[in-house]
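Residue 234 in this note's numbering sits at position 234 of the sequence shown; the count goes up by one each step and never skips.
Cβ coordinates follow ideal geometry from the N, Cα and C atoms, glycine included.
Source: prediction; values computed, not measured.
Let me begin by presenting the structure, written as structure tokens, before commenting on it.
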Amino acid sequence: MKLRAPVYRSRGKGRLYEPHGAPSPFAGRLLPLLMVLLAIFLSYRVERLLSAFGISAFDSPSVHAEESPPEAKDASNDKEGQTGAAGHEAGPSDADSGQTARENAASPMEGSRLSRSERDIVQDLRKRREDLVERENRVALREQLLAATERRIKNELDELKRVKQEIRALLAEQDAKQNEKLRSLVKVYETMKPKDAARIFERLDMKIQISVARQMKEAKMAALLANMNPEAARKLTTELATPRKVPDLDAILEGKKSAAQ
1 MKLRAPVYRS RGKGRLYEPH GAPSPFAGRL LPLLMVLLAI FLSYRVERLL
51 SAFGISAFDS PSVHAEESPP EAKDASNDKE GQTGAAGHEA GPSDADSGQT
101 ARENAASPME GSRLSRSERD IVQDLRKRRE DLVERENRVA LREQLLAATE
151 RRIKNELDEL KRVKQEIRAL LAEQDAKQNE KLRSLVKVYE TMKPKDAARI
201 FERLDMKIQI SVARQMKEAK MAALLANMNP EAARKLTTEL ATPRKVPDLD
251 AILEGKKSAA Q
């Protein structure tokens, strides 16, 4: 039995229809074919959209976050999509590279500024340290000068004390010797007769008269004054009544230094 091919006739507005009657063998295959074509078209459009945003449909989000955007495999079919994606990606990458370049250009300047400021601080600290060292040296020198001056003054004071003790010792020794001589002379005049002693005594130097008269006994001295010339007796009495003068130590020291030189 032969099958008759379906006859399509035209209706209004150019639409095709299948006449009522026997079913067409292609009627059951047309819908799956359209669905397959629609799925291919949709997948193609989705791939283009994802490529425009730099996302591949075959990459997971984690892989895309770690790796760079994939390139299109089919250059002839997806040339326009690649161009759009490349243009879309060029903007952020160029901006990032420009910002990085500016930061890299600014970082040496900032480092140089920090280096200059640090160098200025180091120089200032070094200058202050040198000033402090110089000041400490001056203070140490002054302290050394003061210490040397104190030692010199102390040595001079010690020398003066030593000289003073020597002078006192010499004076004591001289006084002892003088007293011994005076005692001998006093004994001589005390043993003489008052008249003879007065005639010799009034011709002596006044200092000797005073020294001998102060060592004689009062009775012997009274007899001596009674036999002396009244004027000589008056002068001797005046000198005996006058207090003794303290020896001039400065003059003694000058004499001691002159003798040492």
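Distance check for L146 and I210, CA to CA, integer angstroms please. The residue you call residue 210 lines up with position 210 of the sequence shown. The residue you call residue 146 lines up with position 146 of the sequence shown. So the two alpha carbons sit approximately 52 Å from each other.
Helix, strand or coil for E80? Go by DSSP, reduced to three states. Along the sequence shown, read from residue 1 onward, the residue named residue 80 stands at position 80. For E80, the predicted model reports a pLDDT of 49, less than 50, meaning its position is unreliable and no value from the coordinates is stated.
Could you say if the segment 185-203 and the segment 219-228 meet the contact criterion of at least three C-beta pairs nearer than 8 Å? Segments in contact, yes.
I'd like the list of long-range same chain contacts for E159, defined as Cβ closer than 7 Å, with 5 residues on each side in sequence excluded. Residue numbering aside, residue 159 sits at position 159 when the sequence shown is read from its first letter. The same chain holds no residue with a CB closer than 7 Å to that of E159 once the five nearest residues on each side in sequence are set aside.
In angstroms, rounded to a whole number, what distance separates the CA positions of N137 and K154? Here residue 137 refers to the residue found at position 137 when the sequence shown is read from its first residue. Here residue 154 refers to the residue found at position 154 when the sequence shown is read from its first residue. Between N137 and K154, the C-alpha separation is close to 25 Å.
Distance, Cα to Cα, L50 vs L42? If you number the sequence shown from 1, residue 50 lands on position 50. If you number the sequence shown from 1, residue 42 lands on position 42. Rounded to the nearest angstrom, the gap between the Cα atoms of L50 and L42 is 12 Å.
Terminal residues of the alpha helix (DSSP H) in which T238 lies: One-based indexing of the sequence shown puts residue 238 at position 238. From DSSP, the alpha helix (DSSP H) with T238 extends over 230-241.
Among the residues of its own chain, which have a CB less than 7 Å from the CB of A197, if the five just before and after it don't count? Taking the sequence shown and counting its residues from 1, one reaches residue 197 at position 197. The beta carbon of A197 sits closer than 7 Å to the beta carbons of Y189, L224 from its chain, once the five residues preceding and following it are set aside; these are given in chain order.
Cα-Cα separation between V186 and Q165, rounded to whole angstroms: By one-based count along the sequence shown, residue 186 stands at place 186. By one-based count along the sequence shown, residue 165 stands at place 165. Computed Cα separation, rounded: 30 Å.
How long is the line joining the alpha carbons of R142 and D124, rounded to whole angstroms? Taking the sequence shown and counting its residues from 1, one reaches residue 142 at position 142. Taking the sequence shown and counting its residues from 1, one reaches residue 124 at position 124. Linking R142 to D124 through their CA atoms gives a straight-line distance of about 27 Å.
E143 in three-state terms, based on DSSP: Here residue 143 corresponds to residue number 143 of the sequence shown, with the count starting at 1. For E143, the three-state secondary structure derived from DSSP is helix.
Alpha carbon to alpha carbon, how far is E47 from E66? Give it in angstroms, no decimals. For the purposes of this step, residue 66 is taken as the residue at position 66 of the sequence shown. For the purposes of this step, residue 47 is taken as the residue at position 47 of the sequence shown. Annotation note: pLDDT 45 at E66 (below 50); position unreliable, coordinate value reported separately. Between E66 and E47, the C-alpha separation is close to 20 Å.
Starting from D196 and walking both ways along the alpha helix (DSSP H), at which residues does that stretch end? Here residue 196 refers to the residue found at position 196 of the sequence shown. D196 -> alpha helix (DSSP H) spans 194-201.
Quick check on F201: buried or exposed, where buried means 16 or more other Cβ atoms within 10 Å of its Cβ? As a working mapping, residue 201 is identified with position 201 in the sequence shown. Burial state of F201 is buried, judged by a 10 Å Cβ sphere holding 16 or more other Cβ atoms.
Whose C-alpha, out of L170, K195, R214, S117, is nearest the C-alpha of A226? Taking the sequence shown and counting its residues from 1, one reaches residue 226 at position 226. Ranked by Cα distance from A226, the first of L170, K195, R214, S117 is K195.
List the endpoints of the continuous alpha helix (DSSP H) containing K217. The residue given as residue 217 occupies position 217 in the sequence shown. The continuous stretches of alpha helix (DSSP H) do not include K217, and DSSP gives it neither H nor E.
Classify F41 as helix, strand or coil using the three-state DSSP reduction. Numbered from 1 along the sequence shown, position 41 holds the residue referred to as residue 41. F41: helix per DSSP, three-state reduction.
Reference N229; option with closest CA among A241, V212, R199: As a working note, residue 229 is residue 229 in the sequence shown. Comparing alpha-carbon positions, the option among A241, V212, R199 lying closest to N229 turns out to be R199.
So for L204, helix, strand or coil by DSSP? Here the question's residue 204 lines up with position 204 in the sequence shown. L204 carries a coil assignment under DSSP once its states are collapsed to helix, strand and coil.
Do L182 and Q215 come within 8 Å of each other at the CB atom, strictly closer than that value? Numbered from 1 along the sequence shown, position 215 holds the residue referred to as residue 215. Numbered from 1 along the sequence shown, position 182 holds the residue referred to as residue 182. Going by beta carbons, Q215 and L182 fall inside the 8 Å limit.
Quick check: the Cα distance between L31 and F53, rounded to an integer number of angstroms? Numbered from 1 along the sequence shown, position 31 holds the residue referred to as residue 31. Numbered from 1 along the sequence shown, position 53 holds the residue referred to as residue 53. If you draw a straight line from the Cα of L31 to the Cα of F53, it comes to about 33 Å.
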